[in-house]
Amino acid sequence: MILADKITDLRKKNGWSQEDLAEKMGVSRQSISKWESAQSVPDMGRIVRLSEVFSVSTDYLLKDELEAERNEVIPVEDSDTPFLTISMEEASEFLQIKEKNAARVALGVMLCVLSPVLLIFLSGAQEFGKLALTENQAAGIGMVVLLLLVGCAVALFVTCDIRLKPYEALEKSPIETLYGVTGMVRERKSRYQPTYTRHLTIGILLCVAAVMPLFISLFFSEEDNLHQIIAMCLLLVLASAGSLLIVHTSIIWGSFQQLLEEGDYSRSAKEDSRKYGWISGSYWMLVTAGYLAWSFTSGKWSDSWIVWPIAAVAYGAVYEIAKALRQRG
Numbered sequence: 102m103i104l105a106d107k108i109t110d111l112r113k114k115n116g117w118s119q120e121d122l123a124e125k126m127g128v129s130r131q132s133i134s135k136w137e138s139a140q141s142v143p144d145m146g147r148i149v150r151l152s153e154v155f156s157v158s159t160d161y162l163l164k165d166e167l168e169a170e171r172n173e174v175i176p177v178e179d180s181d182t183p184f185l186t187i188s189m190e191e192a193s194e195f196l197q198i199k200e201k202n203a204a205r206v207a208l209g210v211m212l213c214v215l216s217p218v219l220l221i222f223l224s225g226a227q228e229f230g231k232l233a234l235t236e237n238q239a240a241g242i243g244m245v246v247l248l249l250l251v252g253c254a255v256a257l258f259v260t261c262d263i264r265l266k267p268y269e270a271l272e273k274s275p276i277e278t279l280y281g282v283t284g285m286v287r288e289r290k291s292r293y294q295p296t297y298t299r300h301l302t303i304g305i306l307l308c309v310a311a312v313m314p315l316f317i318s319l320f321f322s323e324e325d326n327l328h329q330i331i332a333m334c335l336l337l338v339l340a341s342a343g344s345l346l347i348v349h350t351s352i353i354w355g356s357f358q359q360l361l362e363e364g365d366y367s368r369s370a371k372e373d374s375r376k377y378g379w380i381s382g383s384y385w386m387l388v389t390a391g392y393l394a395w396s397f398t399s400g401k402w403s404d405s406w407i408v409w410p411i412a413a414v415a416y417g418a419v420y421e422i423a424k425a426l427r428q429r430g
């Protein structure tokens, strides 16, 4: 028996009408009607009040057989971190914000990957005499566009971070969802899974295919040509499209995992994050500093992009080594 049925059953057993119960609860009759028809779920304060009005426990109201079997309950005393309670309204708002942020963050990542494309193309075209621009003019135009795109990306990242501030504790604190939240999230995750698989697969294929133009350009042996420059630009364009799909679908998928405490957001993973989160932050700050230092001092933006795939592959090893050293210390 679900909460809606229990409210109806208890009200009728007490011989009350919906108006009677609404008066005792301090809500409208329409609210009672929505609770009993499962169109909405009362918040935790109202659940407590219902338990007092009906003289039953909150566990009786909230725990039907399906939920009791599904939920993994970890006693609070076994954790050093207090539980974060998530209501249906909060869960729905969180998923909505994450879906909107996914598009913005994915666009920001795409802009970062695309940012050096014009600089690479103009510099190469000027070097081979294909444009009536001086070296400084080509570099200047390319740098202005690069900085504008990176600036737009940073603005997107910052605004998304601000929108998620009220929910940042979800990444580190164990959570306890109120009645109906887990079922709603699982249903939405199940509906989204085919889209997640499709977008992730296409994104990975685009990133793999991105190197093909570079290989094809090797067949052209002329010394003064733009083939390799154009191939590098195409590589970044394809990689940016792949990154857009991967980041967008991964953020949405991650929002489901956060509420369900699965994958990277399991309680054990959160515990590790609280202890070793500084490793990730320090690592990527150093990688970013190295990338910018190399790119600006050498001017070889067409080569410095290789820092990111190498850093991504090496991250796992660096994290585990740093974690082991800290535990040993």
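Heads up, the sequence shown is in the working numbering, so the first residue is 102 and it goes up one at a time. The C-beta atom is built at its ideal place from N, Cα and C for all residues, glycine as well. Owing to the predicted nature of the structure, the values given are computational and were not obtained by experimental measurement.
Check, Outcome
"Distance, Val388 Cα to Ser318 Cα", "29 Å"
"Runs of alpha helix (DSSP H) lying entirely within the stretch 326-352, each at least 4 residues, in chain order", "none"
"Three-way DSSP call (helix, strand, coil) for Leu319 in this model", "coil"
"Reduced DSSP category for Thr235 - H, G, I as helix; E, B as strand; rest coil", "coil"
"Counted within 10 angstroms of its Cβ, other Cβ atoms place Met386 as buried (16 or more) or exposed", "exposed"
"Rounded C-alpha distance that separates Gly146 from Ile352", "32 Å"
"Any non-hydrogen atom of the ligand PLP closer than 7 Å to Trp136 Cβ", "This structure simply doesn't include the ligand PLP, nor any ligand for that matter."
"Buried or exposed (CB count within 10 angstroms, at least 16 for buried), Met313", "exposed"
"At least 3 beta-carbon pairs within less than 8 Å: the stretch 196-215 vs the stretch 333-345", "yes"
"Per DSSP, cross-strand counterpart(s) of Thr278", "Ile187"
"Status (buried if at least 16 other CB within 10 Å, exposed otherwise) for Gly230", "exposed"
"Inter-residue Cα distance where the pair is Ala370 and Leu393", "31 Å"
"Check whether Leu337 and Ala226 have beta carbons under 8 Å apart", "no"
"Val210 to Ala123 span [Cα, whole Å]", "51 Å"
"Cβ-Cβ distance between Ile347 and Ile407 below 8 Å", "no"
"Cα-Cα separation between Leu361 and Val286, rounded to whole angstroms", "7 Å"
"Reduced DSSP secondary structure (H/G/I, E/B, other) of Val177", "Note on Val177: pLDDT 39, under 50, position unreliable in the model; no value is reported."
"Given 8 Å, three or more beta-carbon pairs between the stretch 289-302 and the stretch 136-151", "no"
"Rounded C-alpha distance that separates Gly252 from Ile242", "15 Å"
"Per-residue burial, Thr283 [other beta carbons within 10 Å of its own, 16 or more giving buried]", "buried"
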